[in-house]
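Colleague:
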């Protein structure tokens, strides 16, 4: 069965949880999808794959020694004018798969065509799909943040796409391209934020779907799942609220982001399974994305039993039922499900499972947030002191 890329799970999740206490950008959905894997749900699969890729990237970068002098490594430094407000935060956005997707399949729809002229003089049209709310988030965030685009693409292409997002140059202050990246020997391009002259690392945030991009400053990175062509994507709406409510008031973004995403743990443990458990406290689901999409009757029974098990655990009133009554309820539910067509079974089960998981995880996050708020604040204060000492040492 082909994955349903038009799944409304992402949109429903946003509508249900946008204003609910306990919902956390990226973390809540990552936890939910890892605990309840569903290969028939587009975003469920995408989140799990993204975590694996992030883990692999962060561990891969461990073999490289830190580079002290970027210019000696061939990086073109970007001289920026000083900000009038020294405490103004700067959001650095990646371009491809974060704000847009360059469509390379003629069967996919695009939002616009931009004409690209490459250095040899040849011109071609690039089909661009804009991530939902990309233009809106630039407009909204530019009121409170400085906005910079930093892409590993070449300027001849990226400048035209940026013009598509901000044709009047109202929202994006600066652009950085391939020449400003730190190139490794395997064609991997890092976005070392030290390339931004006259900007303090304590006020810099890099939003990128590829974790290796902020590998040299994990404490400044904000992960986001990649965007390809799914117009039900809501990640930028989640991100906007997170940036305005959580990041904007901070004096130093690094301690908070370090403790919030805990990306450094990916480089401290052996195996993606241990990273998931250390960061989210949940077991890792093996064979990620490799399960067959087709569902036989045994798989469907297992899905039904999982849903019913969650329902029984959620409803304490079930305790007063006898085993016989529980069995009768279970049998009736199975009969109702299997009376429908096979495709309807999968659709209904997936939706019920998604709704139950949404509510269950929001409840868990509310409780966890209340229990760990004091410890979390202490960890941030400890990290604040560490970064302060590093900044002082760097200025001596």
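In this note's numbering, the protein residues as written are 18 to 413. Virtual Cβ for every residue (Gly too), placed ideally from N, Cα, C.
Can you list, in chain order, the residues of its chain with a C-beta nearer than 8 Å to that of residue 145? Leave out the 5 residues immediately preceding and following it.
Modeller: For residue 145, where only same-chain residues beyond five positions count, the Cβ hits under 8 Å are 117, 118, 119, 120, 127, 128, 129, 130, 131, 178 and 181.
Colleague: For residue 279, name the three-state secondary structure that DSSP assigns.
Modeller: If DSSP states are grouped into helix, strand and coil, residue 279 belongs with coil.
Colleague: Using a Cβ-based criterion (distance less than 7 Å to any ligand heavy atom), does residue 114 qualify as near the ligand FAD?
Modeller: No copy of the ligand FAD occurs in the structure displayed, which carries no ligand at all.
Colleague: With burial defined as no fewer than 16 other Cβ atoms inside 10 Å of the residue's Cβ, what is the status of residue 232: buried or exposed?
Modeller: Its Cβ being crowded by 16 or more others within 10 Å, residue 232 is buried.
Colleague: Look at the alpha carbon of residue 92 and the alpha carbon of residue 173, and state the distance between them as a whole number of angstroms.
Modeller: Using only the alpha carbons, I get a separation of about 18 Å.
Colleague: Kindly indicate which three-state DSSP category residue 284 falls into: helix, strand or coil?
Modeller: Of the three classes helix, strand and coil, the one that applies to residue 284 here is helix, per DSSP.
Colleague: Roughly how many angstroms separate the alpha carbons of residue 103 and residue 157, rounded to a whole number?
Modeller: Cα to Cα, the separation comes out at about 21 Å.
Colleague: Looking at the structure shown, is residue 258 part of a helix, part of a strand, or coil, going by DSSP?
Modeller: Three-state DSSP puts residue 258 in a helix.
Colleague: Going by beta carbon distance, what residues of the same chain come within less than 7 Å of residue 190, once the five residues before and after it are set aside?
Modeller: Cβ within range, chain order: 163, 164 and 165.
Colleague: Assign residue 264 to one of two classes, buried (16 or more other C-beta atoms within 10 Å of its C-beta) or exposed (fewer than that).
Modeller: Its Cβ being crowded by 16 or more others within 10 Å, residue 264 is buried.
Colleague: Taking only three categories from DSSP, how would you classify residue 78?
Modeller: Helix at residue 78.
Colleague: From residue 87 to residue 94, what distance separates their C-alpha atoms?
Modeller: Between residue 87 and residue 94, the C-alpha separation is close to 8 Å.
Colleague: The beta strand (DSSP E) spanning residue 163 covers which residue range?
Modeller: Counting along the chain, the beta strand (DSSP E) containing residue 163 begins and ends at 163–167.
Colleague: Can you list, in chain order, the residues of its chain whose CB lies under 6 Å from that of residue 67, leaving out five sequence neighbours each side?
Modeller: If we look at residue 67 and ignore the five residues flanking it on each side, its Cβ neighbours are 242.
Colleague: Work out the CA separation of residue 167 and residue 186 for me, nearest whole Å.
Modeller: About 16 Å.
Colleague: Is it a yes or a no for the segment 38–51 touching the segment 292–300, going by three-plus beta-carbon pairs under 8 Å?
Modeller: Enough Cβ pairs lie closer than 8 Å, so yes.
Colleague: Consult DSSP for residue 140 and reduce its assignment to one of helix, strand or coil.
Modeller: In the structure shown, residue 140 sits in a strand (DSSP, three-state: E or B).
Colleague: Using beta-carbon positions only, say whether residue 74 and residue 229 come within less than 8 Å of one another.
Modeller: Going by C-beta atoms, residue 74 is nearer than 8 Å to residue 229.
Colleague: Using the Cα positions of residue 218 and residue 57, report the straight-line distance between them to the nearest angstrom.
Modeller: Whole-angstrom Cα-Cα distance: 41 Å.
Colleague: Taking residue 236 as the reference, which of 260, 277, 215 and 252 has the closest Cα?
Modeller: Of the listed residues, the one whose Cα sits closest to residue 236 is 277.
Colleague: Can you find the residues in the same chain that come closer than 8 Å, C-beta to C-beta, to residue 96, ignoring five residues on each side of it along the sequence?
Modeller: Contacts found: 214 and 215.
Colleague: Using the DSSP secondary-structure output, state which residues sit across from residue 73 in a beta bridge.
Modeller: Partner(s): none; residue 73 has no beta bridge.
Colleague: Within the segment 216–253, note down every full beta strand (DSSP E) run reaching 3 residues or more, in order along the chain.
Modeller: Taking only runs of at least 3 residues, the beta strand (DSSP E) segments lying wholly in the segment 216–253 are 221–225 and 238–240.
Colleague: Roughly how many whole angstroms lie between the Cα atoms of residue 223 and residue 55?
Modeller: About 30 Å.
Colleague: To which residues does DSSP link residue 145 through a beta bridge?
Modeller: Residue 145 is bridged to 119 and 129.
Colleague: DSSP on residue 308, reduced to helix/strand/coil?
Modeller: Low per-residue confidence applies at residue 308: pLDDT is 45, beneath 50, and the placement is therefore not dependable enough to give any value.
Colleague: Can you tell me whether residue 40 is helix, strand or coil according to DSSP?
Modeller: DSSP places residue 40 in coil when its eight states are reduced to three.
Colleague: Using the Cα positions of residue 152 and residue 135, report the straight-line distance between them to the nearest angstrom.
Modeller: Between residue 152 and residue 135, the C-alpha separation is close to 26 Å.
Colleague: Compute the Euclidean distance between the alpha carbons of residue 356 and residue 206, then round it to the nearest angstrom.
Modeller: For residue 356, the predicted model reports a pLDDT of 48, less than 50, meaning its position is unreliable; a value from the coordinates is still stated below. Approximately 54 Å, taken between the alpha carbons.
Colleague: What residue from 198, 160, 247 and 293 has the CA that sits closest to residue 106's CA?
Modeller: Ranking the options by Cα distance to residue 106, first place goes to 160.
Colleague: Does the separation of the CB atoms of residue 255 and residue 59 fall below 8 Å?
Modeller: No, the pair does not count as a contact, with Cβ atoms beyond the cut-off.
Colleague: Quickly, what does DSSP pair residue 106 with across the bridge? List them, please.
Modeller: DSSP, once it has assigned bridges, lists no residue as partnering residue 106.
Colleague: Closest by CA to residue 200, which one among 76, 61, 45 and 84?
Modeller: The shortest Cα separation from residue 200 among 76, 61, 45 and 84 belongs to 84.
Colleague: Does the beta-carbon of residue 122 have 16 or more other beta-carbons within 10 angstroms, so that it is buried, or is it exposed?
Modeller: Exposed, since its Cβ has fewer than 16 Cβ neighbours within 10 Å.
Colleague: Just to confirm, is the Cβ distance from residue 154 to residue 257 under 8 Å?
Modeller: Yes, Cβ-Cβ distance for residue 154 and residue 257 is below 8 Å.
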